[in-house]
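Trainee: So that you can map any letter, position 209 of the sequence shown is 209 in UniProt numbering, and since no number is skipped, the others follow by simple counting.
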Amino acid sequence: MEKSLSEQALQSRFHDLEENLKIVEEQISAAAERAGRRRADITLLAATKTVPVEVVNHGIEAGIRCIGENRVQELTEKYDRYRKDLADVQFIGHLQTNKVKYLIGKVSMIQSVDSEKLAQEISRLSVRAGVVTNVLLEVNIGREANKSGVFPEQLEALLGAVSQMPNVCVQGLMAIPPAQAQPKETFAYFNKMYHYFVDISTKKIDNVNMQLLSMGMSEDYPLAIEAGANMVRIGSALFGARDYTKTKSTRF
Ligand SMILES: *Cc1c(COP(=O)(O)O)cnc(C)c1O
């Protein structure tokens, strides 16, 4: 998969990552403070698509405790070499039902559940493997045609269905607002998500542990935290611009 980097290139990426991590940490703390919350209540997930394992592991050694891959094949290729003794590995990308089998028992959470069919398969294979798989339900908050996620009005029905399925536990919600939006508009999307999150939390549905609101990426994570996110998924602000030429076809 990824070509190996020269020792010099690697050292330079390690250095950049350490500097970027400091900045991201400062920004998370500052946003949390503005929102009257604590840094400790917010989980930083590093989005690691296209990033070589050595670089990701360096980040883990520097304190990153949670990473997310978004393609099954790339996850499979990198999985064994990750420092899983120190970090949680999650799946954050669009997932096809026929690929679920590669994730069960490996990832601690699947953040992108957006259909009953997908949840059924996660349930079926989790039962078979004797594990419980944590999931987030993905909401297409901007109602974009080519984006994964359920529309907000479908969320309750999906939640009701998934909550009945054995060996799947809903831990919260995930969303990616439209990429081209102005900050004000983005904040409004985040805010809507927060309201759905709180609404559902107060309903106390059996087998639903509504505790994570995963939203905010490199361009907008401070806004997301101010709106109530408690997990941000950050790629390029940590690892630099993605170089898709060094990996197999990766779409995002
Ligand atoms: C790539 C990715 C991210 C991080 O994107 P950046 O803009 O690089 O921070 C977050 N979430 C998902 C689902 C991703 O695929």
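Don't be surprised by glycine CBs; every beta carbon is placed ideally from N, CA and C.
1. Please confirm if the stretch 113-129 is in contact with the stretch 148-166, defined as three or more CB-CB distances below 8 angstroms between the two stretches.
2. So does M231 have its beta carbon nearer than 7 angstroms to some heavy atom of ligand 1?
3. Assuming contact is defined by CB atoms lying nearer than 8 angstroms, are D88 and R71 in contact in what I supplied?
4. Tell me whether G235 counts as near ligand 1, meaning its Cβ is closer than 7 angstroms to at least one heavy atom of that ligand.
5. Do L10 and E54 count as a contact pair if the criterion is CB distance below 8 angstroms?
6. Could you pull out every residue in the same chain whose Cβ sits closer than 7 angstroms to the Cβ of R128, ignoring the five residues on either side in sequence?
7. Would you say N70 touches ligand 1, meaning its beta carbon is less than 7 angstroms from a heavy atom?
8. From V170 to L136, what does the alpha carbon distance come to, in whole angstroms?
9. Taking just the CA atoms, how far does V24 sit from V150?
10. Would you say M217 touches ligand 1, meaning its beta carbon is less than 7 angstroms from a heavy atom?
11. Please state if the CB of A237 and the CB of F190 are separated by a distance shorter than 8 angstroms.
12. Is I110 near ligand 1 - that is, is its Cβ less than 7 angstroms away from at least one heavy atom of it?
13. What would DSSP say about A179, mapped onto helix, strand or coil?
14. Report yes if the C-beta of I42 is less than 7 angstroms from at least one heavy atom of ligand 3; otherwise report no.
15. Could you tell me which residues DSSP pairs with E138 in its beta bridges?
16. Please go through the same chain and pick out, in chain order, the residues whose beta-carbon is closer than 7 angstroms to the beta-carbon of N230, but skip the five residues on each side of it.
17. Within 7 angstroms: the Cβ of K49 and any heavy atom of ligand 1?
Mentor: Taking the coordinates as given:
1. yes
2. no
3. no
4. yes
5. yes
6. none
7. yes
8. 6 angstroms
9. 30 angstroms
10. yes
11. no
12. no
13. coil
14. This structure lacks ligand 3; the ligands present are ligand 1.
15. M174
16. D41, I42, T43, L212 and L213
17. yes
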